[in-house]
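The structure under discussion appears below in the form of structure tokens.
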Amino acid sequence: MVVARGSCPFGLWHVHVVWSGDLVMQVRFLRVPAERPAPPAFRRYCAGDRDALSGFLSVATEGDTTYARIYRTVQAIPYGRTATYGEVAAAAGTGPRVVGNAMRANPTPLVVPCHRVVAKGGIGGFTPSVEVKQALLSMEARRG
DNA sequence: TAAAAACCGCGGG
DNA sequence: CCCGCGGTTTTTA
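Heads up: the first sequence begins at 24 in this note's numbering, then just goes up one per residue.
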């Protein structure tokens, strides 16, 4: 299995992707670009294409662990919509803080759209910066 | 290793 | 403001 790495810009950030075919192993937001480009679908998503990432799978959703169930629940949240940590927790059969832990540890943001999971009384957190989450949500709100 | 404590991108009282 | 929650990570022995 051949693994590729590349990035595409998103605002002041660069979306770094590690993937093999349609399976994504890692997505990270860094301030510097990679040497090679990310898959065109990621560039299109960053430009506002709502369905650009629909063909990708995440390694995070594989298996039958609690986190994998949470990631599958989150992946089902449609573009332009949000769910609270508590709602995701209820659907996955666990508690809200566990969902927060899982989001923080999410190896593949965007593919597993953790930015669509918000706190009941606020936006919630994001790694590396909640500004990225805010930018993603407002982009999806404009398009969605 | 194994057990305990600490840690949280939360929520309800 | 505080406390329960529960999976994971870190600390301690």
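Glycine included, every Cβ here is placed at the ideal spot set by N, Cα and C.
Quick caveat, the model's predicted, so the values are computed rather than measured.
Query raised in the report: Can the beta-carbon of Y102 be found less than 8 angstroms from the beta-carbon of P119?
Result: Walking along the first sequence from the start, residue 102 turns up at place 79. Walking along the first sequence from the start, residue 119 turns up at place 96. No, they are not a contact pair.
Query raised in the report: From R59 to Q49, what does the alpha carbon distance come to, in whole angstroms?
Result: Within the first sequence, the letter at position 36 stands for residue 59. Within the first sequence, the letter at position 26 stands for residue 49. Straight-line Cα distance between these residues: approximately 15 angstroms.
Query raised in the report: When DSSP builds the beta bridges, which residues end up paired with V38?
Result: To locate residue 38, count along the first sequence from 1; it is residue 15. Answer is C31 and F52.
Query raised in the report: In whole angstroms, what is the alpha-carbon distance linking R104 and A164?
Result: In the first sequence, residue 104 corresponds to position 81, counting from 1. In the first sequence, residue 164 corresponds to position 141, counting from 1. If I take the Cα positions, the gap works out to 8 angstroms.
Requested in this report: Sort out for me which residues DSSP pairs P60 with in a bridge.
Outcome: Counting from one through the first sequence, the residue named residue 60 turns up at place 37. Paired residue(s): S30.
Query raised in the report: Could you give the distance in angstroms between the alpha-carbon of A27 and the alpha-carbon of A115?
Result: What you label residue 27 is simply residue 4 of the first sequence in a count that begins at 1. What you label residue 115 is simply residue 92 of the first sequence in a count that begins at 1. Take the alpha-carbon of A27 and the one of A115: they are about 32 angstroms apart.
Report task. Work out the CA separation of I100 and P136 for me, nearest whole Å. Result -> For the purposes of this step, residue 136 is taken as residue 113 along the first sequence, with counting starting at 1. For the purposes of this step, residue 100 is taken as residue 77 along the first sequence, with counting starting at 1. Taking the straight line joining both Cα atoms gives about 8 angstroms.
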